[in-house]
Amino acid sequence: MGFFLIPLVALSLLLAACGDIGNEKIPGSENYPATNANGEVMIDHLDFGAFGGGSNPQVNYNPFSPNVLSSAYIFEPLMVMDNYSCQLHPWLATASNWQDPQTLQFTIRDGVKWNDGQPFSADDVVYTFNLTKKVPAFDSTGVWQALDSVSNQGNIVTFKFKEPSSQMLSKVAAQLIVPKHVWETVDDPVKFTNDKAVGTGPYMPTSFNGRLLVLGINQNYWQVDKLRVNQLVFHRTEGGSSVDQLNLAQGKYDTNAMFIPNIQSVFVDKDPDHNFYWFPPGGAISLGFNLTKAPFNDVEFRKAMSYAIDRDAIANKAEYGYVKTASQTGLVLPGQKDWLDPSIQNQGMIGYDPKQAAAILEKAGYKKNGSGQLTGKDGQPIEINFEVQNGYTDWIQAAQIIQQNLRALGITVNVTTPAAENVESDRANGRFDLVYDVHGGSCNMYDNYFLPLSSKQSAEIGKPAASNFIRWQDPNTDKLIDQLRSATSEEDQKPIVYQLQKIMMDQLPTVPLWYGGVWFQYTTNRATGWPNADNPYAKPTDNLLIITSLKPSPDYKPPQ
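To get my numbering, take the position in the sequence shown, counting from 1, and add 46.
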């Protein structure tokens, strides 16, 4: 997507004035002890930058609301996914178990309290899911499309599905749970702003003035011994991402998630002992072919295109060297390596080999005319229209590299940059030759293949497809995806996922190019234990795993 770039000269000048890391006291700090019950030093606060709430933020802690100020540290799910390696961690539930492909059970943890002191129980879980059924707008992941009923007996919650639904485990596990004793008295849950913010999470709101949001430690938290930070601070800034970049570079933020050009020189080098970044791979940006058209309906042409593209040039030039080239398997590597078919060579990475591309085209019957243009099997020069969203500067630059790569084979590529909404409309309705397509990246292996490849997600040209925009139609793919829904263990799922990887490798319905970067910067002035390439225990978005892993830095000095 497009990057917002601030002038490097201006950024460098402001960085030259950097000094104090902003270790000031936060209002309310006096309410928290400097040490915990074990005598260990507590960090007074960490500054996480901006908060939510839209353009005119108001007090709103309704986790279902698009204008919620914060929910990640206030409410908790049944289980927490490490979205890097796809390991599911017990949380409000201690275990999950499939009784059969349509029956999923969770064992709910004992001894958990809401931050108002009331006990948490399985009744709260059942209530929350029935609330998302009653208010469909709250069912953001579509659980009730597959779910038939939810009930509990003691601390065992049972989910009954309408059909085999192994893909629903991660979605059910991720649902934030709300307290029945608060919400059952609410007349309009959609308009409810939940001022009291009663949750089971590690933090709770202590102050908000429109520009500064402070969350304080929840002393009733069931894992309070793992918390070493008293307060989390969020600021609202004027000037958008440019100001946030400066605040991070000047040490005002302990962590943030933003794109910064030349991050080594303008951020890391200013304090190399404390300033760090890690950009783990996210979902792949892929070439989306219109498979209803020649020559894209020819697998040999798709193979040739894949070999013809210099992915390293895209990663290094269009993406500043911040991202990695993507595996053809559809997996996000290396994090999902446990799902990789061991028989696939080089982890499914396809290298730049224009000679191989030319040889494949020649063998498949594609020839050049007297003008050096590659002609299709109809004898006409091949000309491709490549639509890229206007303003997505890195994607446009990548498209220009692809344009040059294919020109060397005699293929004309016209790169156009309509408004994003027009590109997305054309993509959905099949009115394109070539577009970018973004799928995968999640730990839900079913969705990673179902969304881009299932014929159920396709549509006739001229009608909007749900997600299979390339119009891939393959009975074997559909059969494997259906089998995956009924496989409830990794042991049973992996052989099926291996076969789907083989389809990706052999038939190239879509061509992953590079992984989108998950931007993440942090400093160790106050806290250590952030996830990084050496210790990738979580993705930067896995807030609960991270906050329960942080500890005071050896350099940390409590504010006076």
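In this text, a Cβ means the ideal position worked out from N, Cα and C, and glycines have one as well. Computed from a predicted structure; not experimentally measured.
Query raised in the report: With contact counted as at least three CB pairs below 8 Å, one residue from each stretch, are the region 326-338 and the region 560-571 in contact?
Result: yes
Query - Segments assigned beta strand (DSSP E), at least 3 residues, entirely inside the region 83-142 - result: 89-93, 125-128 and 133-136
Query - First through last residue of the alpha helix (DSSP H) which encompasses K226 - result: K226 to W229
Query raised in the report: Grouping DSSP H, G and I as helix and E and B as strand, with all else coil, what is Q277?
Result: strand
Report task. Drop a sphere of 10 angstroms on the beta-carbon of P210, count the other beta-carbons inside from all chains shown, and report buried for 16 or more, exposed for fewer. Result -> buried
Query raised in the report: Roughly how many whole angstroms lie between the Cα atoms of F94 and I360?
Result: 31 Å
Query raised in the report: CB V484 to CB E433, shorter than 8 Å?
Result: no
Query raised in the report: Can you check whether the CB of A219 is closer than 8 Å to the CB of S167?
Result: no
Query - Contact check, V232 vs F238, beta carbons under 8 Å - result: yes
Query raised in the report: Between the C-alpha atoms of D234 and L177, what's the straight-line distance to the nearest angstrom?
Result: 11 Å
Query raised in the report: Helix, strand or coil: which one does DSSP assign to D194?
Result: strand
Query - CB of G422 within 8 Å of CB of I430, strictly - result: no
Query raised in the report: How big is the Cα-Cα spacing for Q419 and R477?
Result: 24 Å
Report task. Starting from K414, follow its DSSP beta bridges and name the residues at the other end. Result -> L420
Query raised in the report: Roughly how many angstroms lie between the CA atoms of F110 and V171, to the nearest whole one?
Result: 15 Å
Requested in this report: State buried or exposed for N336, treating a residue as buried only when at least 16 other CB atoms are found within 10 Å of its CB.
Outcome: buried
Query raised in the report: Which partner residues does M551 have in the DSSP bridge list?
Result: None; M551 has no bridge partner.
Query raised in the report: Below 8 Å between beta carbons: does that hold for D300 and Y568?
Result: yes
Query - Reduced DSSP secondary structure (H/G/I, E/B, other) of I428 - result: coil
Requested in this report: Measure how close the beta-carbons of M550 and G376 come, nearest whole angstrom, since I'm counting them as under 8 Å.
Outcome: 5 Å
Report task. Can you give me the start and stop residues for the alpha helix (DSSP H) that V469 sits inside? Result -> A466 to N475
Query raised in the report: Which full runs of the alpha helix (DSSP H) of 4+ residues lie inside the region 167-214, going along the chain?
Result: 168-180
**Report entry** Cβ shell of I72 (< 8 Å), same chain only, five flanking positions each side left out
**Finding:** D90, H91, V260, Q277 and V279
Query - Straight-line Cα distance separating S595 from N581 - result: 11 Å
**Report entry** S373 classed as buried or exposed, judged by whether at least 16 other C-beta atoms fall within 10 angstroms
**Finding:** buried
Requested in this report: Determine the direct distance from the alpha carbon of M304 to that of S288, and round the result to whole angstroms.
Outcome: 10 Å
Query raised in the report: Mind checking whether W324 and N578 have CB atoms under 8 Å apart?
Result: yes
Report task. For L386, name the three-state secondary structure that DSSP assigns. Result -> coil
Query - Inter-stretch contact (C-beta, 8 Å, three-pair minimum) for the region 446-462 and the region 398-411 - result: yes
Query raised in the report: Just to confirm, are S212 and Y492 a CB contact at a threshold of 8 Å?
Result: yes
Query raised in the report: Looking at C-beta atoms only, is the number of pairs between the region 260-271 and the region 199-208 that lie closer than 8 Å three or more?
Result: no
Report task. Quickly, what does DSSP pair H320 with across the bridge? List them, please. Result -> Paired residue(s): none; H320 is not in a bridge.
Query raised in the report: Helix or strand or just coil, what does DSSP make of N451?
Result: helix
**Report entry** Selected residue, minimal CA-CA separation from G367, among V543, P307 and S216
**Finding:** P307
**Report entry** Inter-stretch contact (C-beta, 8 Å, three-pair minimum) for the region 339-358 and the region 527-542
**Finding:** no
Query - Neighbourhood of K217 by C-beta distance below 8 Å, restricted to the same chain and skipping five residues each side - result: T187, G188, V189 and N490
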